[in-house]
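Encoded as structure tokens, the structure appears first; notes follow it.
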Ligand code: SF4
Ligand code: FES
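Residue numbers (UniProt numbering), protein chains in the order written: chain U, 1 to 222; chain V, 1 to 248.
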């Protein structure tokens with residue numbers, strides 16, 4: 001990656017490609033989550049497959065973790081370099097006059113999503129690892145739905161998840177569309193592509209938030 | 001009208017510098033912004049004080065020399081104009097106007113409001129030209145047919161006056177808009193193809209060496225550019241650069 005780090009354009013491309021990879025992963029994750037609302041049985045099947053399929057566990061999962069790490073490490077490197085590039089700052093700087101808030105605050109939205117990921121990893125990944133490798137419990141294809149729903153019983157977790165999804169939406173609103181520009185794609189299809197990216201930025205995080213809220217309210221109702 | 005000016009004063013590149021307040025009466029709304037500063041300076045000279053140094057040359061929006069950050073925006077509040085084209089009618093009686101130099105590590109302050117923009121010259125020298133053999137019988141440039149649309153786009157890119165407002169506006173102090181305009185004006189013409197790959201690589205390399213920031217596509221540069229240079233140029237440069245890198 002050192003060669004890449006030397007060129008500002010290649011750094012952006014790394015950011016764009018890792019971002020697009022994570023964007024596509026979100027769709028997969030969302031589809032599985034959605035099944036928990038539609039059919040608990042289906043959700044269990046999916047979850048069990050994801051948890052025990054060797055290809056998913058030993059190939060896809062490390063690639064995903066690497067993607068997350070590359071994206072946020074590169075994000076922090078870019079941010080540090082960009083701050084240094086200003087040098088002495090302005091006494092008055094009207095950023096809002098020429099660029100949208102979301103595009104100027106990717107560090108904030110990305111930082112919140114990263115902090116959320118730490119909680120999310122603790123909630124699900126660490127739990128899975130403990131189940132499988134520390135406690136070495138036997139496979140139980142029917143446990144996932146109950147375990148997941150139980151996570152959304154506490155109000156605090158549901159609220160944190162929803163706030164994080166909101167910031168994820170802001171992050172995607174700028175980042176998804178922006179990744180095409182970074183890769184040099186800006187042509188007559190771009191306005192349509194940008195519209196799609198912004199649609200995605202609302203629908204997917206919105207969907208995640210809906211599912212979290214659904215399970216929380218569902219519990220309250222029973 | 002009466003104005004309060006807060007202006008960055010800095011003796012030389014090494015001194016610290018600070019904002020200094022000046023009051024100005026009798027400013028006419030038909031004055032240009034630079035004329036207003038001329039009047040301030042006349043007053044300062046009469047009082048035996050040092051005038052405020054600022055860059056200017058053509059005063060008609062074509063040379064790119066004038067460069068002031070006014071109330072937090074490069075070239076002031078209006079769109080698609082340079083400071084020399086800004087008039088005092090864009091302000092109100094009683095306004096306080098903050099005037100600062102462009103801020104970027106690659107544009108160090110020389111004195112007061114003047115910054116050193118030679119970083120742009122070095123980017124240009126790294127590849128912003130075409131090599132033409134002038135001995136023998138060079139082909140007349142006009143003999144090479146160029147599509148109208150390409151010629152227009154190239155011309156638009158070539159209208160960049162190298163003022164540096166894009167860098168000043170960008171939260172990352174990125175010089176992508178300037179560099180991409182200079183890359184594009186050749187990339188779009190057949191004459192520019194021969195050296196296309198080297199050009200984009202060398203110019204981007206020089207841009208990075210100068211210490212400009214990384215573009216994060218906020219679009220601030222396009223909004224503040226007095227010549228309306230578009231972000232499409234940045235995408236084109238990214239494209240050219242990627243192809244050049246893949247070709248090796
Ligand atoms: S791209 Fe626009 S803002 Fe940047 S140097 Fe050229 S004319 Fe000035
Ligand atoms: S002085 Fe030449 S563009 Fe303003």
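Quick reminder that beta carbons are idealized off the backbone N, C-alpha and C, glycines included.
Less than 9 angstroms between CB atoms is the rule here; does residue i satisfy it with respect to chain V?
| i | result |
| --- | --- |
| residue 40/U | no |
| residue 202/U | no |
| residue 195/U | no |
| residue 183/U | yes |
| residue 191/U | no |
| residue 78/U | yes |
| residue 1/U | Confidence in residue 1/U is poor, its pLDDT being 49 and thus under 50, which makes the residue's placement too unreliable to answer from. |
| residue 155/U | no |
| residue 178/U | yes |
| residue 90/U | yes |
| residue 174/U | yes |
| residue 111/U | no |
| residue 169/U | no |
| residue 87/U | yes |
| residue 84/U | yes |
| residue 151/U | no |
| residue 143/U | no |
| residue 18/U | no |
| residue 106/U | yes |
Would you say residue i lies against chain U (beta-carbon separation less than 9 angstroms)?
| i | result |
| --- | --- |
| residue 240/V | yes |
| residue 231/V | yes |
| residue 41/V | no |
| residue 208/V | yes |
| residue 237/V | yes |
| residue 138/V | no |
| residue 204/V | yes |
| residue 211/V | yes |
| residue 9/V | no |
| residue 198/V | no |
| residue 224/V | yes |
| residue 215/V | yes |
| residue 53/V | no |
| residue 71/V | yes |
| residue 62/V | no |
| residue 122/V | no |
| residue 36/V | no |
| residue 174/V | yes |
| residue 147/V | no |
| residue 98/V | yes |
| residue 103/V | yes |
| residue 219/V | yes |
| residue 169/V | yes |
What does DSSP give as the partner residue(s) for residue i in the beta ladder?
| i | result |
| --- | --- |
| residue 77/V | Beta-bridge pairing links residue 77/V to no other residue. |
| residue 69/V | 74/V, 100/V |
| residue 24/V | 3/V |
| residue 111/V | 114/V |
| residue 18/V | 9/V |
| residue 87/V | 32/V |
Can you determine whether any heavy atom of the ligand MN sits closer than 8 angstroms to the C-beta of residue i, and answer yes or no?
| i | result |
| --- | --- |
| residue 232/V | What this structure holds is the ligand SF4 and the ligand FES, not the ligand MN. |
message: My parser needs the beta strand (DSSP E) runs of 3 or more residues fully inside the UniProt domain "4Fe-4S ferredoxin-type" (151–181) of chain V; what are they?
response: Counting whole runs of 3 or more residues, the UniProt domain "4Fe-4S ferredoxin-type" (151–181) of chain V contains no beta strand (DSSP E) stretch at all.
query: Should the region 155–175 of chain V be called in touch with the region 211–223 of chain V, which here means at least 3 C-beta pairs below 8 angstroms?
result: Verdict: yes, contact present.
query: Counting Cβ pairs, one atom from each stretch, are 3 or more of them under 8 angstroms apart for the region 169–180 of chain U and the region 102–116 of chain U?
result: Between the region 169–180 of chain U and the region 102–116 of chain U there are three or more C-beta pairs closer than 8 angstroms, enough to call the two in contact.
- prompt: Per the contact definition of three or more C-beta pairs closer than 8 angstroms, is the region 208–216 of chain U in contact with the region 137–152 of chain U?
  reply: Touching, per the Cβ criterion.
query: For the 8 angstroms Cβ check, are there 3 or more pairs between the region 134–148 of chain U and the region 32–52 of chain U?
result: Yes, the region 134–148 of chain U is in contact with the region 32–52 of chain U.
task: Taking 8 angstroms as the threshold, find out whether the region 179–186 of chain U comes into contact with the region 228–239 of chain V through three or more Cβ pairs.
output: A contact exists between the region 179–186 of chain U and the region 228–239 of chain V.
field: Pocket of the ligand FES (residues with CB nearer than 5 angstroms to any heavy atom), chain order
entry: Spelled out in chain order, the answer is 56/V, 57/V, 58/V, 59/V, 61/V, 63/V, 65/V, 66/V, 82/V, 84/V.
query: Is the number of C-beta pairs between the region 151–164 of chain V and the region 196–205 of chain V that are closer than 8 angstroms three or more?
result: These segments do not touch.
query: Below 8 angstroms, can you find three or more Cβ-Cβ pairs linking the region 131–142 of chain V to the region 33–45 of chain V?
result: Result no; under three Cβ-Cβ pairs closer than 8 angstroms.
task: Let me know the alpha helix (DSSP H) ranges lying completely inside the region 85–171 of chain U, each 4 residues or longer, listed in chain order.
output: Whole alpha helix (DSSP H) segments, 4+ residues: 101–104, 106–120, 144–151.
field: Segment contact, 8 angstroms Cβ cut-off, at least three pairs: the region 16–36 of chain U with the region 194–205 of chain U
entry: Flag = yes, the region 16–36 of chain U and the region 194–205 of chain U touch.
query: Which residue spans inside the region 187–248 of chain V form an unbroken alpha helix (DSSP H) run of at least 4?
result: Those alpha helix (DSSP H) runs which fall completely within the region 187–248 of chain V and span 4+ residues are 196–209, 220–224, 232–247.
query: Should the region 184–195 of chain V be called in touch with the region 102–120 of chain V, which here means at least 3 C-beta pairs below 8 angstroms?
result: At 8 angstroms Cβ cutoff, the stretches do not touch.
- request: Decide yes or no for the touch test of the region 48–67 of chain U against the region 110–120 of chain U: beta carbon pairs closer than 8 angstroms, at least 3 of them.
  value: Proximity of the region 48–67 of chain U to the region 110–120 of chain U falls short of the contact definition, fewer than three beta-carbon pairs being nearer than 8 angstroms.
field: Segment contact flag, the region 103–111 of chain V with the region 75–91 of chain U, C-beta cutoff 8 angstroms, min 3 pairs
entry: Taking a cut-off of 8 angstroms on C-beta distances, the region 103–111 of chain V touches the region 75–91 of chain U, as three or more cross pairs fall below it.
- prompt: Is the region 80–89 of chain V touching the region 53–65 of chain V in the sense that three or more CB pairs, one from each, lie closer than 8 angstroms?
  reply: With a cut-off of 8 angstroms, the region 80–89 of chain V and the region 53–65 of chain V count as touching, because enough Cβ pairs lie within range.
message: As an exercise, report each continuous alpha helix (DSSP H) stretch of at least 4 residues that is fully enclosed by the region 32–81 of chain U, in chain order.
response: Complete alpha helix (DSSP H) runs here, min 4: 40–52.
- prompt: Does the count of Cβ pairs from the region 86–105 of chain V and the region 137–151 of chain V closer than 8 angstroms reach three?
  reply: These segments do not touch.
task: At 3 residues or longer, and completely inside the region 116–152 of chain V: list those beta strand (DSSP E) runs for me, N to C.
output: Secondary structure within the region 116–152 of chain V: not one fully enclosed beta strand (DSSP E) run of 3 or more consecutive residues is present.
query: Can we say the region 67–78 of chain U touches the region 155–172 of chain U, given the rule of at least three CB pairs closer than 8 angstroms?
result: Counting Cβ pairs under 8 angstroms, fewer than three are found: no touch.
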